[in-house]
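Quick mapping for you: the protein sequence lines, in order, are chains E and R. Heads up, the first sequence stops at 241 in numbering that gives the first Met the number 0, and the numbers go up one at a time, no gaps. Heads up, the second sequence stops at 101 in numbering that gives the first Met the number 0, and the numbers go up one at a time, no gaps. Every residue gets a Cβ at the ideal spot worked out from N, C-alpha and C, and that includes glycine. This report concerns only the one structure given below.
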Amino acid sequence: MQNPAAPAWTADHFFAGARACIPVAISVAAYGVVWGVLAKQAGLSLLEVMLMSGLVFAGSAQFVALDLWTATPSTLPIGPIILATLIVNLRYLLLTATMRPLVRPGTEKRSAAAMWLLSDENWAMTVGEMAKGRGSIAFLVGGGTTVWCFWMVATVFGRLIGSAIDDPTKYGLDFAFTATFLALLLGMWKGKADLLPWLVAALVAIISAKLIPGSWYILTGGIAGSFAGAIAERRRGYAHQS
Amino acid sequence: MLTSPEALLAIAGMLAVTVAIKASGLLLANRLPQTGFIAAWLRHIPGAVLASLVAPAVVTGGTAEILAAAATALVFVVARNLFAAMATGVIMVFLLRMALGG
Chain E
0 MQNPAAPAWT
10 ADHFFAGARA
20 CIPVAISVAA
30 YGVVWGVLAK
40 QAGLSLLEVM
50 LMSGLVFAGS
60 AQFVALDLWT
70 ATPSTLPIGP
80 IILATLIVNL
90 RYLLLTATMR
100 PLVRPGTEKR
110 SAAAMWLLSD
120 ENWAMTVGEM
130 AKGRGSIAFL
140 VGGGTTVWCF
150 WMVATVFGRL
160 IGSAIDDPTK
170 YGLDFAFTAT
180 FLALLLGMWK
190 GKADLLPWLV
200 AALVAIISAK
210 LIPGSWYILT
220 GGIAGSFAGA
230 IAERRRGYAH
240 QS
Chain R
0 MLTSPEALLA
10 IAGMLAVTVA
20 IKASGLLLAN
30 RLPQTGFIAA
40 WLRHIPGAVL
50 ASLVAPAVVT
60 GGTAEILAAA
70 ATALVFVVAR
80 NLFAAMATGV
90 IMVFLLRMAL
100 GG
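Structure follows, in structure tokens:
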């Protein structure tokens with residue numbers, strides 16, 4: 000179902016999006032620098048930083064990948080890294096789905112390809128525009144271009160200055176992951192229904208982290224917590240009906 | 000060290016799953032269940048994954064990590080700013096580790 004009334008791809012929309020996303024891109028850059036510093040610590044080369052930031056372009060997945068990364072190629076857990084990326088990025092299914100009303104007939108493939116440039120930040124700006132009756136795929140792409148440039152420059156910069164920071168734990172930089180994830184988590188709070196899945200996820204993750212080596216606790220906790228949330232929601236749904 | 004085949008494979012795999020997810024959300028928008036169990040499950044994944052990332056790191060840390068996590072949460076709830084919250088967490092953990100000698 001395309002929307003014939005959706006706005007065309009114009010340079011105007013592109014540059015409006017590119018400009019509108021500069022403020023959010025600055026905060027993206029701030030944690031891009033942190034990611035770059037940690038990437039150095041995890042053993043990523045400058046080329047690998049450029050490839051991962053430039054191609055994968057997904058902040059939270061890249062943070063999780065660093066957690067799993069090993070400096071020696073032979074021990075690199077390729078499967079778990081890809082699987083973790085998949086799990087962490089599943090939420091993009093929901094974000095890109097909300098862009099559907101902006102797709103003009105005949106631009107489906109182009110629009111789907113453009114979703115590569117969708118990040119949390121330019122998505123949020125575009126949804127804000129849609130609420131005002133504006134917004135377009137070109138606006139999203141313009142914003143994505145800004146965010147991409149800031150992310151690229153910041154992560155490379157972080158990787159370069161990372162050489163000057165020998166031990167991140169000395170400066171508390173290892174805690175940047177935890178603090179960032181915690182803040183992202185709190186930003187997702189929508190009400191009491193979130194409490195149960197989060198607690199189940201936290202408990203299962205803590206127990207798994209103690210019992211299973213490696214980073215599988217992210218998956219066990221994530222799966223247990225999300226199922227707990229879905230089951231609780233379903234039971235509440237039935238209670239409402241009866 | 001420039002890179003390795005293993006690293007390139009991992010990055011290519013990350014790229015492939017990310018592009019596939021982002022494109023399919025848009026293309027399948029009208030077919031994704033809007034209600035029911037699967038929809039609820041998808042909605043709860045991001046929060047559950049983040050909670051799993053945070054909880055072991057805070058619990059297996061010491062007093063410094065727990066207090067810094069509390070400060071991070073407080074700053075985020077008050078200021079609603081991701082970077083301010085992250086910076087607070089890092090500075091607090093740095094100071095607390097020094098103060099507690101940990």
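Review point. Do E:Ala-175 and R:Met-97 have their C-beta atoms closer together than 9 Å?
Key: No.
Check your understanding: R:Leu-25 CB to nearest chain E CB: under 9 Å?
Key -> Interface annotation, R:Leu-25: in contact with chain E, CB-CB separation under 9 Å.
Review point. What does R:Leu-1 touch in chain E if you count any residue whose Cβ is under 9 Å from its own?
Key: Correct list: Ser-44, Leu-45, Leu-46, Glu-47.
Check your understanding: So with Cβ pairs under 9 Å, would you call E:Ser-225 a contact of chain R?
Key -> Yes, because at least one Cβ of chain R sits closer than 9 Å to the Cβ of E:Ser-225.
Review point. In whole angstroms, what separates the C-alpha of E:Leu-218 from that of E:Ile-80?
Key: Each residue's Cα considered, the two are about 11 Å apart.
Check your understanding: What do you get for E:Gly-105, buried or exposed, if any count of 16 or more other CB atoms within 10 angstroms of its CB means buried?
Key -> E:Gly-105 should be labelled exposed.
Exercise for review: Inspect the beta-carbon positions of E:Gly-220 and R:Val-48 and report whether they are closer than 9 Å.
Suggested key: Yes, the pair counts as a contact, with Cβ atoms nearer than the cut-off.
Practice item. Determine whether the Cβ of E:Val-126 lies closer than 9 Å to any Cβ atom of chain R. Key: No, E:Val-126 lies away from the interface with chain R (no Cβ there is under 9 Å from its Cβ).
Exercise for review: From the DSSP output, in three-state form, read off R:Val-89 for me.
Suggested key: In this structure, R:Val-89 counts as helix in the three-state DSSP scheme.
Review point. When the Cα atoms are used, what is the spatial distance from E:Lys-169 to R:Phe-93?
Key: In this model, E:Lys-169 and R:Phe-93 are separated by some 7 Å (Cα to Cα).
**Study point:** Beta carbon proximity, E:Val-152 to chain C, threshold 9 Å
**Key:** Absent from the structure is chain C; the protein chains it does hold are E and R.
Practice item. Taking E:Thr-144 and E:Leu-116 to be in contact with their CB atoms under 8 Å, please state how far apart those CB atoms are, rounded to whole angstroms. Key: At roughly 7 Å, the Cβ-Cβ gap stays under 8 Å, so E:Thr-144 and E:Leu-116 are in contact.
Check your understanding: Taking buried to mean at least 16 other C-beta atoms within 10 Å of its own C-beta, is E:Asp-302 buried or exposed?
Key -> Not covered by the structure: residue 302 of chain E. The range shown for chain E is 0 to 241.
Exercise for review: Please confirm if R:Gly-46 has its CB atom under 9 Å from at least one CB of chain E.
Suggested key: With 9 Å as the cut-off, R:Gly-46 counts as an interface residue toward chain E.
Check your understanding: Less than 9 Å separating the beta-carbons of E:Gly-161 and E:Leu-50?
Key -> Contact check for E:Gly-161 against E:Leu-50 fails: the beta carbons are separated by 9 Å or more.
Check your understanding: Under 7 Å Cβ-Cβ, which residues of chain R neighbour E:Glu-232?
Key -> Listed along chain R, the residues sitting closer than 7 Å to E:Glu-232 by beta-carbon distance are Ala-39.
Point to revise | For E:Tyr-91 and E:Met-0, the rounded distance between their alpha carbons | key: Annotation note: pLDDT 48 at E:Met-0 (below 50); position unreliable, no value reported.
Point to revise | Min CB distance R:Pro-55 to chain E below 9 Å | key: So, interface residue.
Exercise for review: Starting from E:Ile-217, find everything on chain R with Cβ-Cβ shorter than 7 Å and list it in chain order.
Suggested key: Going along chain R in sequence order, the residues near E:Ile-217 (Cβ under 7 Å) are Val-48, Ser-51, Leu-52.
Check your understanding: With distances taken between CB atoms, is the gap from E:Met-98 to R:Pro-45 smaller than 9 Å?
Key -> Annotated as distal: E:Met-98 and R:Pro-45, with beta-carbon spacing of 9 Å or more.
Point to revise | Three or more C-beta pairs below 8 Å linking the segment 135–153 of chain E and the segment 4–16 of chain E | key: By the criterion of at least three beta-carbon pairs nearer than 8 Å, the segment 135–153 of chain E is in contact with the segment 4–16 of chain E.
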